[in-house]
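So the structure is just underneath, and the comments pick up after that.
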Amino acid sequence: MNILVPIDGSECSFRALDFAIEFARRFEASLHVVHITDVETDATDDILDRARERLDEAGVIDEPEVSTDVDLSFRPAERVGKDILELVDERSYDHVVMGHHGGNAIDRAILGSAAHTVVQEEAVPVTIVP
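According to full-length UniProt numbering, the residues represented by the sequence shown are 1 to 130, in order.
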């Protein structure tokens, strides 16, 4: 099973990552973490570094039960929800785990809208983490 975890740097998205780590352990799945945003900022590298740290702290990268094919990358997006859907189609993900909204008012509007778009239009299971 291949799980996509889109993150935006908010605590909500990192709670989704924590949930996805445990989910991947339980189902011996492969995790693919991607930072999808409508604007690249200086924080992009910091967000991906925080994700790497969480994965390292959880020990998931060296665990035989969880695939070590952890993809940490930045993907620019104009329409975050639609781009998540396109990524799922391109890479044939089996499941999406994401936070329900971002950290500030703009992030809440973007990722909240993205979560809504993914839930409404996705053909694979989607887990929304509060």
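Just so it is clear, CB atoms sit at the ideal spot from N, CA and C, and this is done for glycine as well.
Just so it is clear, the structure is predicted and the values come from calculations on it, not from any experiment.
For Ser-13, which residues of its own chain have a beta-carbon under 6 Å away from its beta-carbon, when the five flanking residues on both sides are left out? Here the set comprises Ile-7 and Gly-99.
Please state the DSSP three-state secondary structure of Gly-59. Coil at Gly-59, not helix or strand.
Reducing DSSP to helix, strand and coil, say where Val-129 ends up. Collapsing the DSSP output to three states places Val-129 in a strand.
For Thr-37, is the classification buried or exposed, using 16 other Cβ atoms within 10 angstroms of its Cβ as the cut-off for buried? Buried, since its Cβ has 16 or more Cβ neighbours within 10 Å.
Specify the secondary structure class of Ser-13 as computed by DSSP and reduced to three states. In the three-state DSSP reduction, Ser-13 falls in the helix class (H, G or I).
CA-CA distance, Phe-19 and Ile-84? In a straight line, the C-alpha of Phe-19 is about 19 Å away from that of Ile-84.
Return the chain-ordered list of same chain residues with a C-beta closer than 8 Å to the C-beta of Ile-3, the five sequence neighbours on each side being excluded. So the list reads Ala-20, Phe-23, Ala-24, Ala-29, Ser-30, Leu-31, His-32, Tyr-93, Asp-94, His-95, Val-96 and Val-97, once near-sequence residues are dropped.
Taking its Cβ as the centre, do 16 or more other Cβ atoms sit within 10 Å of Gly-59, making it buried, or is it exposed? Looking at its Cβ environment, which holds fewer than 16 other Cβ atoms inside 10 Å, Gly-59 is exposed.
Tell me the DSSP bridge mates of Val-96? BP columns for Val-96 point to Leu-4 and Val-126.
Expressed to the nearest angstrom, what Euclidean distance is found between the alpha-carbon atoms of Thr-44 and Val-124? Rounded to the nearest whole angstrom, the CA to CA distance from Thr-44 to Val-124 is 27 Å.
Between Met-1, Val-34 and Arg-91, which has its C-alpha nearest Leu-17's C-alpha? Here the closest residue by C-alpha is Val-34.
May I have the straight-line CA-CA distance separating Arg-75 from Asp-49, to the nearest angstrom? In a straight line, the C-alpha of Arg-75 is about 15 Å away from that of Asp-49.
Exposed or buried, Ile-110, counting other C-beta atoms within 10 Å across all chains shown (16 or more means buried)? Residue confidence for Ile-110 is low, a pLDDT of 48 falling below 50, so the modelled location carries little weight; the figure read from the coordinates is stated next. So Ile-110 counts as buried.
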